[in-house]
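Read top to bottom, the protein sequences are chains A and B.
Every position in the first sequence, counted from 1, becomes a number in my numbering once 12 is added.
Just so we're aligned: 133 in my numbering is position 143 of the second sequence, and the numbers increase by one with no gaps anywhere.
Please read the structure below before turning to the comments.
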Amino acid sequence: MASSQEPTSDITPEGAEIVEEQRRPAYAAEPPQSSHPQPGSLPNAVRDAAVAAAVALVLAGPIIGLRTESAIGGLSLTQNWPTVAIIVAVVFFGRLLLNLTLWRPGSQALSGVGSIISRAGGKQLAALASSNTLYIGIVALILAFALPFLPFANRYIMDQAIVILTYIMLGWGLNIVVGLAGLLDLGYVAFYAVGAYSFALLAQNFELGFWVCLPMAGILAACWGMVLGFPVLRLRGDYLAIVTLAFGEIIRVVLLNWYEVTNGPDGISGIPRPTLFGIEFTRGEGGFADIFGLEYSPLQRIIYLYYIILILALVTNFVTLRLRRLPIGRAWEALREDEIACRSLGINTTNTKLTAFACGAFFGGLAGSFFATRQGFISPESFTALESFIILAAVVLGGLGSQIGIVVAVIFLNTIFELRGLQEYRMLIVGLSMVLIMVWRPRGLVSTRTPSVALKKRRAISGDLVGEGHG
Amino acid sequence: MAYFIQQLINGLTLGSIYGLIAIGYTMVYGIIGMINFAHGDIFMVGSFIALIAIVILGISGATPFLLLVLALLLVLLIAMTLTSVWGWTVERVAYRPLRGSFRLAPLITAIGMSIVLQNLVQVAQGARVKPLQPIVTGGYAIMEQDGFVVQLSNIQIIIIVATFVLMVGFTLLINRTSLGRAQRACEQDAKMAALLGINVDRTISLTFLMGAALAAVAGMMFLLFYGVIDFYIGFQAGVKAFTAAVLGGIGSLPGAMLGGLLIGLIETFWSGYGPIEYKDVAAFSILAITLIFLPSGLLGRPEVEKV
């Protein structure tokens, strides 16, 4: 990529935009024989939209219009044509609108919506993020620490905050592997599972407390990261993704079937709660409320959990940010940009990849451990491939390699997951948003990156200048 | 011995289905160098379309023979046509805009597309499994030993024969027709092919169409053979078919078929003689082992990386 030829310090955010604009035609230009419509006139636009609508009708007709139901003596069909009609209408008018506005000749077909989005929010967001990172960070931090004491903080909000922070931590952990080292890991949930099961088993069999088990769970997960990372070192991009997915599934199947140790699908229950220097959050004598002379409330334990995960997540972020400035972090990013160049410069790619896997897995293990202690019950059902995809979706939506983007994306995803009436459609929306973000804004919601090395002044650069990673 | 032969027959049946799906993976990988992660879900969609067509036409085990044959052929045609439209749309919407984007981008949209298809079918058709009464019944007892009868059912014969016919037809299509020539040209060097007047985009679209059509055949066979489908069958079948494609050597059509048969056999024998609950682990381990020790597969060409 071009970034290697240009000194990064010369590129201001504006400069980056210019470079981005210049690069775009090479990127987005379709081959000359492309069948993309040339919707100069209204009839053409209408014709094109009609074709799209016809395709939508063919697609949606059988699958959505006719629903098979189990009935007595076989299957029966129920019909659902209104939905099909709505879908076809949306496709027709949506396409017509796009044809008449964004996709007119002269406006670039593919970047159309993307550039509008970036014009509307992205640029401001990017500029804001780059110039005021420190302030935004401090404000967010104060807010996060003060949240439990704000007047509107009830049980529901605290629970949601804990879930969001868990996913942010997982996202940040995965970001080390995917965003920094450029290794697409689809089996990240395996480390989450290893962490959770390590803690649960250690606590049950050896009666160790949360704070002793936490680092052990992390280290065990990191070891698993190395074990799984070692065989896949030679694999490139998409093969690596599939193999990590396979490893994730293997771990889940083993957890499901190894009754003697993991109790199979029944899972492990009665996992101990975390204590504050040995003080438990229980009602009655010797409990937290009793010792500090407070009125007992179940919310106290939730708030304590909230602070644990907040601090764990912040530690993840802090360690990642510091690692980026160490030789190892620079080696990760160099590996993402160009593996062959890395090797010829004498970087040990084996160690670099393994440390990336181990670091990512370590934080995944910590998060898993926290998950186990919060739930008090774990079973293999919590660690399906779907979970990996949700975490990956957060990293992708936020922007590969962008820490703040992941926060935005996790909050976005959690809002979708919690909206009433959308429960059924939530994974559909996750999948669609992954596709849309890649088509329109492949660098994610936050598309600026901060280089860790700069000649004069450190500035945010466009994500397009960052290599893709095919490690 | 009888038990062994029975497992062999079952393995060949399963392997044929995997092989048909694996062709879709291997062709797409050959031509644009990406793993079409959503292909397993295209197979699932094909299976559902076949199910819906069967219910509309009211086919059951009691339909007279000649009519049954015609009706099943009609179902096959419907499933292949509609599923290939799905395959085409997925390529058009999710992959074509990303050509020339960074390398992980199409893989990420493919995962997104897979999630979309799975959940779309789940929402539209319900999460429950769909049982179908057996349509093609009967079979032959080909041998008997120690009271164990080896059964070769009619549906197994249909699956193996249909797969064989499709494979022969498909190989002819790739090797003899101008479309096949265009496809092989794009596979070798898309830019050069474009310079020589081949419509690369159209060829890629057709590749997706063909892959989806074969996946639809596999989907219908799966439905007729097992009689139960749900929205999640695509994930497992997809990963196993991908394993088959990798084992046979990705990019190689005979390799995909061979890999499919091997995976089918390994899985069946594992379930027949080993711990059945770990049969998925077997397939996944083969995938990992092949990629690590034999990345170019059994019949594939080794990939040369140029700087």
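Each residue gets a CB set at the ideal place from its N, CA and C atoms; glycine is no exception.
Query                                                                                                                                       : Result
Below-8 Å beta-carbon distance, Val218 of chain B vs any chain A residue                                                                    : no
Interface residues of the region 139 to 158 of chain B facing chain A [CB-CB below 7 Å]                                                     : none
DSSP-derived helix/strand/coil call for Met310 of chain B                                                                                   : The structure shown does not extend to residue 310 of chain B, since chain B is modelled only from -9 through 297, so no value can be given for it.
First and last residue of the uninterrupted alpha helix (DSSP H) at Phe138 of chain B                                                       : Premise fails: Phe138 of chain B lies in the beta strand (DSSP E), 138 to 143, not in any alpha helix (DSSP H).
Contact under 8 Å by Cβ, Met70 of chain B with Ala152 of chain B                                                                            : no
Buried/exposed call for Asn217 of chain A, threshold 16 Cβ in 10 Å                                                                          : exposed
The region -4 to 10 of chain B: positions lying closer than 7 Å to chain A by Cβ                                                            : none
Proximity test, Cβ basis, 8 Å: Phe33 of chain B and chain A                                                                                 : no
Residues bridged to Met133 of chain B (per DSSP)                                                                                            : B:Val140
Inter-residue Cα distance where the pair is Ile7 of chain B and Gly217 of chain B                                                           : 14 Å
Three-state secondary structure (DSSP) of Pro55 of chain A                                                                                  : helix
Test: Ile428 of chain A CB closer than 8 Å to a CB of chain B                                                                               : no
Ser91 of chain B in three-state terms, based on DSSP                                                                                        : coil
Cβ distance (whole Å) where Thr332 of chain A is taken to contact Trp184 of chain A below 8 Å                                               : 6 Å
Cβ-based neighbour list, Val35 of chain B, same chain, cut-off 7 Å, excluding 5 preceding and 5 following                                   : Thr73, Trp76, Leu107, Val111
Residue burial classification, Ala62 of chain A (beta-carbon count within 10 angstroms, cutoff 16)                                          : exposed
8 Å Cβ cutoff met for Phe38 of chain B and Leu97 of chain B                                                                                 : no
Inter-stretch contact at 8 Å, needing at least 3 Cβ pairs: the region 11 to 25 of chain B / the region 175 to 195 of chain B                : yes
Cβ-based neighbour list, Val244 of chain A, same chain, cut-off 6 Å, excluding 5 preceding and 5 following                                  : Leu252, Val255
Under 7 Å (Cβ pairs) to chain A, residues found in the region 86 to 115 of chain B                                                          : Pro87, Leu88, Gly90, Ser91, Phe92, Arg93, Leu94, Ala95, Leu97, Ile98, Thr99, Ile101, Gly102, Met103, Ile105, Val106, Asn109, Leu110, Val111, Val113, Ala114, Gln115
Proximal residues of chain A, C-beta to C-beta of Val65 of chain B below 9 Å                                                                : In chain order: nothing, as chain A lies at least about 12 Å away.
Residues sharing a beta bridge with Glu292 of chain A, DSSP                                                                                 : A:Gly299
Terminal residues of the beta strand (DSSP E) in which Leu78 of chain A lies                                                                : 78 to 83
Nearest-angstrom Cα separation, counted from Asn363 of chain A out to Phe(-6) of chain B                                                    : 46 Å
6 Å Cβ shell around Gly1 of chain B - same chain, five flanking residues per side excluded                                                  : Gly254, Leu255, Thr258
Contacts around Leu41 of chain B, its chain only, beta-carbon distance under 7 Å, and the 5 residues preceding and following it disregarded : Lys120, Leu122, Leu213, Ile219
The region 215 to 230 of chain A contacting the region 375 to 389 of chain A, beta-carbon criterion three pairs below 8 Å                   : yes
Cβ neighbour criterion (16 or more within 10 Å) applied to Phe154 of chain A                                                                : Here residue 154 of chain A turns out to be Ile, not Phe, going by the sequence shown. The residue is exposed, with fewer than 16 neighbouring Cβ atoms inside 10 Å.
Segment limits, alpha helix (DSSP H) that includes Trp223 of chain A                                                                        : 222 to 241
Distance CB(Gly276 of chain A)-CB(Ala202 of chain A) smaller than 8 Å                                                                       : no
Any chain B beta carbon closer than 8 Å to Asp250 of chain A                                                                                : yes
Beta-bridge pairing of Gln123 of chain B - partner residues as DSSP gives them                                                              : DSSP lists no partner for Gln123 of chain B.
Residue-chain proximity (Tyr437 of chain A, chain B), Cβ-Cβ < 8 Å                                                                           : yes
Beta carbon proximity, Ile21 of chain B to chain A, threshold 8 Å                                                                           : no
N- and C-terminal bounds of the alpha helix (DSSP H) containing Asn187 of chain A                                                           : 167 to 187
Exposure label - Met182 of chain B; buried when at least 16 CB within 10 Å                                                                  : exposed
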